[in-house]
Structures are given as structure tokens and as C-alpha cells.
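The structure appears right after this line, and notes come after that.
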Amino acid sequence: MSQINESAIKTPGVYVNEIPSFPPSIAQVATAIPAFIGYTQIAQDMRGNDLTNKPTRITSMLEYELYFGKAQPETNIVINYDQTTVGKTTTDTISIEFDGNKSKHNMHSAVRFFYANGGGPCYIVSVGPYTDIDSGGLELTDFYDPGTGNGLEALAKEDEPTLIVFPEGQSMPENSYYSLLNQALAQCGSLQDRFCIMDVYDTGETLVTNSDVTTAISNFRNGFASENNNYGAVYFPNLKTTYAYDYDPASTTVNHTVDGAAGPLDGHTLAEIGTLPAPLSPPDSPPAPPSYYSLSAYNAIKQALSSQFPVVLPPSPGVAGVYASVDASRGVWKAPANVGLKDVFATTFQVSDEVQGDMNIDATSGKSVNAIRAFTGKGILVWGARTLDGNSNDFRYISVRRFYIMVEESARKAANVFVFEPNDGNTWVKVRAMIENYLTNLWRLGALAGSKPEQAFYVKVGLGQTMTFDDILNGRMIVEIGMAPVRPAEFIILRFSQIQQQA
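Position 165, counted from 1, in the sequence shown is what UniProt numbering calls 165; the numbers after and before it change by one each time, with no gaps.
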């Protein structure tokens, strides 16, 4: 807005002075912009520029595939195709398994899972191309290597991301995974503008008893120590999704039996079965079209690969989508829990009330682990809302920590306009009014507890309140803000009693 110094006018004429009508205000920052860090098939933009270790903003799955490609095809899938004939009835039984390693890379499916659960804009940090399926674990130095500016370090330079997710962390060596989580939490605590969504290292696929789960959770809790635990939350177990594995038909072997003996398709790859001619074709005749028998088997196997062999994913990408969905519909102050996960039909381990009790509250370390649970008639729900600082009265809950991140970041950016302004009463009034207006709007939306604004928050700034003469002489303007954020009703207790008949 243009203003004229009226005392400096010397030339006759008409001058227009625009007077500010509204006080400065706080623009609320975004709260659910995750950054996914991991490996991708490719990493280049439309001009062919390399996007490796360059945080790239996308808004859809289409954009992801345009810049970062597809999933890595599996090469170690074995199909057991058994046919049994009793009388005139033939029964086909198809089972599928991995004979060797499966791909360690799930970024493509993870981003798809994020969007299925309400995700919006996000960042992709590609740390390199897919590694060989039969190679060892993923390297920590690809994700974090001080001084190289790759992976996590590259993300530190971006201001917009507010969530950090490592979909492929479970494919790293266990100690490397914990080191990475420590660095991620350190970045969150240093920048104070982001939050880390984690997964327990054990996927839950091989766990059988409650004791197994207790051991897996204990290993996770003992694996790392951080002073910034309130900037992270962890979820368990992994999830069986409705997605199918990408696979290479030329590397997918079929074991075929007919009534216990080797069948005509035995030993062939899936690609070959789709093109096998009728077995009675003359040897010197032109190539015959695929036989009905082989095509029928091919289609049955393809169907089984889609329906019987689901992609198993860590919960963090889907939970990031839940964060985005809840933030958009209710606000960041609403706990991202008691929300159903989409594109999921089962968990890798059925968490019981007893197991969740130990996961939820840990008197020793305070590292709460949030459960993903299946409930009859309700689906697969996020059933926990605690940070890794579960023993803290300040930031025990995810919603409280993320609400403070939002308010702190929004107020910090808005206060930039007052840098180098006179440190006097006029400026103090403007700053206090700006923050009070912002917090009043949040109180009206239900983010702050209290029947009146003065019960929900306070803002103090001024000489004798938050500053001394020494502060003013040294150029410091100190603003103190207190808030009463709403907290989730984690335990609802209904008390019933009998009363005497009155008449």
C-alpha cells in the first residue's frame, strides 16, 4: 500500500494517500505436507533434469509416475498350480510364494496408499534408482550422509514439508534404521516445523504370539534414544493392501502338477504359458496360437496374482494420508485416530487389548506405539494417538504437538514483518492484536479449550511483562503466548449406579 510523506510535498498538485484499514494478520501454514524419502525407478523432470536428492513437490499419482516411474517388478515369484480330477470334476489350486528375496522398494505403492487415504500435495526425495532384488539391505548413507546434501539433508532445506516418512525403512539393517530415525527426529527438533511418522522395524508378518510382539516392540524402544521424541509417532503392525505386486512374467516360474504328476506347464515361465501352442500341432507347421488350455491357465494365474498375493506395506504412508484427511476435514487439533484405512483388508498381526495396553503406555521410556487394529463391522482403524513422548504431560498426544507446530510456525512467519520496527508500545499493541485475533479464530473453531477466549489463551508483550530495559537496549522484543489446546478423549469411562425409586 502506497503512502506519501506529506511533509516532503513541494510541487503543487493532487496527491493520493492510501491509509491501511486492516491490522496485520497471521496466515496459517499447511500442516500435512509429507515428504517421502526412498528409492525410485527414475528421477527426472520433463526436461530430463536429474531429480535425485532434490525434494520435488507433486500433487497426484500421475505426477509421481511421470517423474519417478513405476514399481520394481518382482523376479522371485513362484506359482504352484495343482490340478486334481475326481470323476468328471477337475479342481484347480493355485498358491503363490516368494522363492528368494522380494523387492526392498515400495515407494510407488506407498505414495499410492497415501493418496488413497486422503493425501494431497507431498514431496518426493529420490535417493537413487532401485537396487538389485538379491542384494543386501539398503544403505544408511543413501538416506543420510553428513555433508553430502542427500536424502534427509536435502529435505532440511525445504520449508513446506511438515511430515517425514520412510516407507522403505524396514528394508534397511536394523541399526541403520534406528540411526536414521534419530537423525530425522533431530531435524524435526531443530527446525520445529515438521513431524516424523515411523514404523516398528518388525513388520509383524512372522510374529505368532503376544510375547513375540512384546519382544519386537521392546527392540524398537531400545533401538534409539532421542531428546526429540515428541516430534515423532510410531505405528504397528504392517498392512495387507488391495494392491498387487508388479512382477516380471519372464522370471515368474510355474510348478504344474496334474493329479500329483508333473503337468505340461511345469517349469515354464508365466510369459511362456501365455504363448504355448496346442501340444498336438505338427512339428513343421507355422506357430500355432496359444492353446485354450494354456490361455485358461494363464488367465487363472494372473487372476490369482492380483487377488491372492497382496502387497504388504508399513502403515506410515497410509497414516500420512489420514493426517492430511483429518486436518482438512476437522483441523490439526483433532487426533488422527479412530479413522478407517482404505485399500486395506487385513493386518499382519491381530493386536489384542492386552498387547495394545503394553504398546500404548510404557512407564520406563515413554515410547508409546500406536496400534492399527481390525474391528468387526468397522474395518481397519488407526487406534492410537500418542507421540513417542508418552510420559510427557505437554506433548503426549500427536494432535497437541502438531497444533503447536502449526501455531508456532504461523506466528513466526507473520512476525517477520515487525523485524526492525520500533520496539515500542505501538508495535507491541499491533503484535499482540495480531496474535490474539489468530488465536480467537482457532478458539471459535474448537482448537482451544475454554468457554471464553481469556480462558483459552493469553498473549503478553511489553516492558515489565516480558521484557526489561536491557532486552530493549539489545533489540529483543519478547512475546509470551500461552494456550490451552484440546486433548483427545483417549479413555472414555461410563459410570453407572442404581438409584432408589422415588415414588
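By construction, the Cβ of each residue, glycine as well, lies at the ideal position given by its N, Cα and C atoms. All values derive from a computational prediction rather than experimental measurement.
* Run the CB neighbour count on serine 368, radius 10 Å, all protein chains shown included, and call it buried at 16 or more, exposed below. => Serine 368 is buried by the Cβ-count criterion.
* Nearest-angstrom Cα separation, counted from proline 167 out to glycine 318 -> 10 Å
* Below 7 Å CB to CB, which residues in the same chain sit around glutamate 65 once its five sequence neighbours on both sides are set aside? => Correct list: empty, nothing qualifies.
* Across which residues does DSSP place phenylalanine 457 in a beta bridge pair? -> Met483
* Asked: Count the other CB atoms within 10 Å of the CB of serine 497; is the residue buried (16 or more) or exposed (fewer)?
  -> Residue burial annotation: serine 497 is exposed, with fewer than 16 other C-beta atoms found within 10 angstroms of its C-beta.
* Reducing DSSP to helix, strand and coil, say where asparagine 255 ends up. => strand
* Are proline 310 and threonine 242 close, meaning C-beta to C-beta below 9 Å? -> yes
* Beta-ladder partner(s) of arginine 57, from DSSP -> Tyr123
* For methionine 198, the first and last residue of its enclosing alpha helix (DSSP H) -> Not the alpha helix (DSSP H): methionine 198 falls in the beta strand (DSSP E), residues 195 to 199.
* Asked: What is the rounded straight-line gap between the Cα of glutamine 41 and the Cα of tyrosine 67?
  -> 9 Å
* To do: Put threonine 31 into one of helix, strand or coil per three-state DSSP.
  => coil
* To do: Evaluate glutamate 227 with the Cβ neighbour count: other Cβ atoms within 10 Å of its Cβ, from every protein chain shown; 16 or more gives buried, anything less gives exposed.
  => exposed
* In the DSSP assignment, what residue or residues form a beta bridge with lysine 334? -> Bridge partners of lysine 334: none, in fact.
* **CB-CB length for threonine 257 against glutamine 83, believed under 8 Å** => 7 Å
* Asked: Where does leucine 280 sit, in a helix, a strand or coil, going by DSSP?
  -> Because the pLDDT of leucine 280 is 45, which lies under 50, any placement of that residue in the model is unreliable, and the number read from its coordinates should be weighed accordingly. Residue state, collapsed to three classes: coil.
* Cβ pair isoleucine 380, valine 326 closer than 9 Å -> Not in contact: isoleucine 380 and valine 326 (Cβ atoms no closer than 9 Å).
* Asked: Using the rule of at least 16 other Cβ atoms within 10 Å of the residue's Cβ for burial, across every protein chain shown, is glutamine 501 buried or exposed?
  -> By the neighbour-count rule (16 or more Cβ atoms within 10 Å), glutamine 501 is not buried but exposed.
* To do: Count the other CB atoms, across all protein chains shown, that sit within 10 Å of the CB of alanine 288; report buried if there are 16 or more and exposed otherwise.
  => The predicted model places alanine 288 with a pLDDT of 46, which falls under 50 and marks its position as unreliable, so this point remains unresolved.
* What number of angstroms, rounded off, separates the C-alpha of aspartate 266 from the C-alpha of serine 126? -> 40 Å
* In the DSSP assignment, what residue or residues form a beta bridge with aspartate 82? -> Thr93 and Thr257
* To do: Drop a sphere of 10 angstroms on the beta-carbon of proline 34, count the other beta-carbons inside from all chains shown, and report buried for 16 or more, exposed for fewer.
  => buried
* Boundaries (first-last residue) of the alpha helix (DSSP H) holding lysine 240 -> Lysine 240 -> not in any alpha helix (DSSP H); beta strand (DSSP E) instead, spanning 239 to 244.
* **isoleucine 372 (DSSP reduced to helix, strand or coil)** => strand
* To do: Below 7 Å CB to CB, which residues in the same chain sit around proline 73 once its five sequence neighbours on both sides are set aside?
  => Asp246, Tyr247 and Asp248
* Asked: With 16 as the cutoff for other CB atoms within 10 Å, does arginine 194 come out buried or exposed?
  -> buried
* **Buried or exposed by the 16-neighbour rule on C-beta atoms within 10 Å, applied to valine 16** => exposed
* Asked: Curious, which full-length beta strand (DSSP E) runs of at least 3 residues does the segment 138 to 215 contain?
  -> 163 to 165 and 195 to 199
* How close, in whole Å, do the beta carbons of isoleucine 26 and serine 410 come, if the pair is a contact with beta carbons under 8 Å? -> That belief holds up - the Cβ atoms of isoleucine 26 and serine 410 are roughly 5 Å apart, short of 8 Å.
* **Cα-Cα separation between serine 251 and asparagine 76, rounded to whole angstroms** => Distance from the CA of serine 251 to the CA of asparagine 76, rounded to the nearest whole angstrom, comes to 7 Å.
* To do: Determine the burial state of arginine 401: buried for a count of at least 16 other Cβ atoms within 10 Å of its Cβ, exposed for fewer.
  => buried
* If we ignore side chains and look at the alpha-carbon of each, how far apart do glycine 263 and proline 336 end up? -> 52 Å
* When the distance is taken between beta carbons, is glycine 128 closer than 9 Å to alanine 71? -> no
* Since proline 310 is in the beta strand (DSSP E), which residue starts that stretch and which ends it? -> 310 to 313
* Hey, would you say phenylalanine 224 sits closer than 9 Å to valine 200, going by beta carbons? -> It is not a contact, given that the beta carbons lie outside the stated cut-off.
* Alpha carbon to alpha carbon, how far is threonine 85 from threonine 52? -> 55 Å
* Decide yes or no for the touch test of the segment 416 to 433 against the segment 477 to 488: beta carbon pairs closer than 8 Å, at least 3 of them. => Taking 8 Å as the limit for Cβ pairs, the verdict is that the segment 477 to 488 does touch the segment 416 to 433.
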